[in-house]
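In full-length UniProt numbering, the protein residues as written are 1 to 402.
One structure is given here, and the rest of the page talks about it.
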C-alpha cells in the first residue's frame, strides 16, 4: 500500500484534518510495528521465548505420557506457529490483511450505502465536503447574528445573541460528532495495529487467549464506528439543508428586519440529537463486537467424555487414576455407611428384629380325625428337633461295664 500523501497547509479545515490524520496513522502503525518486530528488540526476544515455551510444553506432556498427540493437534500447532511468525515479522502481510481490511472495507461499504441513499446518483458531494460547507455557513450565520446583537445582550437570554450561540455550538457539535469520532477511531486503531507483534505471541497460550479476543473486538468496533458516523452525518446534513438555506438568506435582510431564530435553534437541536444517536450507535457496535469468540483448542491428553460430547454433562476425566489406598479408604467408608443405615433401620422398626420360624405338620393328623386343629406354636428355625444329649463313653469304659 502506498503511504497517503499529507495535505497542503492551506487546505480547508475538514479536508486538511482528514488528510493529516490519514497520513500520520499509516506512518504511526508502520513505525510502531517496525520498532516492536525489529531483530534484537525486547518484544522480538519475548516472542522467541514464548514460542520456545509453547513447543516445550507440548513435548513435556508427551514425554510424561499425559496424553497422545493427534495428527490434527500437530497440524493446528504448526499452523499457529506459522501464523504467529507471519503476523509478527511481515508488515506487508499485516498491511494487506488487516490494515486495508479495517480502514478501507468499512469506507467502501459506507460509500455503497450512501450511493443508495442518494438515489444511485454520483452528482452529490462527499459528506465531509458538505460538512465543510455547512460549517462555514454556520460560522457566517453566527457572525451575522453577533453583529445584530447588542453589546450587553447575553447569549442565554434570547435574541440575536442566543441565535449566534446556537449556530456556533451547533456547528461545533456537528463537527465533533462526525469528523472528531472518525479521526479518533483511526488514531486508536493505528496504535492497536502497531501492537500486533505482542498480541501475536499471546495467541499461543489458552490463558492469554482472552487478551487476543479483546484486541480483535476493539479493532472491529473502531473500524465499524466511523462508517456509522459517516452515514449519520449524511442524514444530519440532509435534515439541516433547509435551515442552512434560511440562515444564508438572512444575511441579505436589513439591519432592523425581523429576526427569525428558528433555523439556528433547529441546527442546534439536530446536532444534539445526532450526538445522542452516535452514542447509542457506539454502544450497539461494542455489543456486536463483544460477541466475537475464538475457537478453543483441545488440550493434548484431554479427551472428551461421552456424556459431555452428547451434551448430557460437562464432567472431565481425571488426569491420574486413584491409588490403591484411595480405593481401600472409599470401601471402608461405604461399608461403615451401610452398617449405620442397617442399624438405624432396625432401631426404628416397630416389630423388632425378625426371625425365620417353621410350623410343625403334626396338626394335619388332628384335622383329618375331625378335631379342630390346634394352633401351632412358632418354633425358631433349627430348634424343631433336638438330639438328646448322651454321654460319650470310651471303649475301655464299655469293656469294663460288661
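Idealized CB from N, CA, C, for every residue including glycine.
Please report how far the alpha carbon of residue i lies from the alpha carbon of residue j, in whole angstroms.
| i | j | result |
| --- | --- | --- |
| residue 201 | residue 193 | 14 Å |
| residue 123 | residue 235 | The predicted position of residue 123 is uncertain, since its pLDDT is 47 and thus under 50; a value taken from the coordinates is nonetheless stated next. When rounded, the distance between both Cα atoms is 17 Å. |
| residue 184 | residue 89 | 27 Å |
| residue 186 | residue 269 | 28 Å |
| residue 240 | residue 292 | 37 Å |
| residue 75 | residue 327 | 40 Å |
| residue 117 | residue 237 | 13 Å |
| residue 273 | residue 84 | 45 Å |
| residue 30 | residue 91 | 7 Å |
| residue 105 | residue 323 | 60 Å |
| residue 41 | residue 50 | 14 Å |
| residue 347 | residue 64 | 54 Å |
| residue 15 | residue 209 | 40 Å |
| residue 342 | residue 336 | 10 Å |
| residue 80 | residue 38 | 21 Å |
| residue 13 | residue 96 | 30 Å |
| residue 344 | residue 338 | 10 Å |
| residue 136 | residue 8 | 20 Å |
| residue 331 | residue 325 | 10 Å |
| residue 127 | residue 214 | 32 Å |
| residue 329 | residue 340 | 17 Å |
| residue 62 | residue 98 | 36 Å |
| residue 52 | residue 107 | 40 Å |
Return the chain-ordered list of same chain residues with a C-beta closer than 7 Å to the C-beta of residue i, the five sequence neighbours on each side being excluded.
| i | result |
| --- | --- |
| residue 282 | 225 |
| residue 87 | 94, 196, 200 |
| residue 109 | 227 |
| residue 102 | 189, 219, 223 |
| residue 277 | 232 |
| residue 275 | 173, 177 |
| residue 6 | 19, 20, 23 |
Tell me which residues share the same chain as residue i and place their Cβ nearer than 8 Å to its Cβ, disregarding the 5 neighbours each side in the sequence.
| i | result |
| --- | --- |
| residue 11 | 19 |
| residue 309 | Note that residue 309 has pLDDT 41, beneath the 50 cutoff, so the model's placement of it is unreliable and the number below is only indicative. The answer is none, since no qualifying residue turns up. |
| residue 212 | 199, 202, 203, 294 |
| residue 33 | 91, 94, 193, 194, 196, 197 |
| residue 146 | 160, 161, 164 |
| residue 114 | 127, 230, 231, 234 |
| residue 284 | none |
If you drop the 5 nearest sequence neighbours on each side, which residues of the same chain put their C-beta closer than 6 Å to that of residue i?
| i | result |
| --- | --- |
| residue 266 | 243 |
| residue 289 | 217, 220, 221 |
| residue 141 | 167, 247 |
| residue 21 | 183, 186 |
| residue 47 | 88, 201 |
| residue 36 | 43, 197 |
| residue 286 | 221 |
Hey, quick one: how far does the alpha helix (DSSP H) through residue i stretch, first residue to last?
| i | result |
| --- | --- |
| residue 334 | 324-348 |
| residue 217 | 209-249 |
| residue 185 | 181-194 |
| residue 58 | 42-63 |
| residue 171 | 160-175 |
| residue 99 | Segment: none, residue 99 is in no alpha helix (DSSP H) and carries neither H nor E. |
| residue 148 | 127-148 |
| residue 262 | 262-289 |
| residue 37 | 13-37 |
To the nearest whole angstrom, what separates the beta carbons of residue i and residue j, a pair I think is in contact under 8 Å?
| i | j | result |
| --- | --- | --- |
| residue 82 | residue 58 | Contact doesn't hold; Cβ gap of about 15 Å is too wide. |
| residue 229 | residue 247 | About 24 Å; that fails the 8 Å criterion. |
| residue 178 | residue 131 | 6 Å |
| residue 163 | residue 259 | 7 Å |
| residue 173 | residue 271 | 4 Å |
| residue 261 | residue 144 | Not quite, the Cβ-Cβ distance comes to about 12 Å (not below 8 Å), so this is no contact. |
| residue 138 | residue 180 | Not quite, the Cβ-Cβ distance comes to about 16 Å (not below 8 Å), so this is no contact. |
| residue 205 | residue 60 | The Cβ separation is near 14 Å, so there is no contact. |
| residue 191 | residue 28 | 7 Å |
Would the beta-carbon of residue i be found less than 7 Å away from any heavy atom of the ligand ADP?
| i | result |
| --- | --- |
| residue 115 | Judged by which ligands are present, the structure shown has none, so any question about the ligand ADP falls away. |
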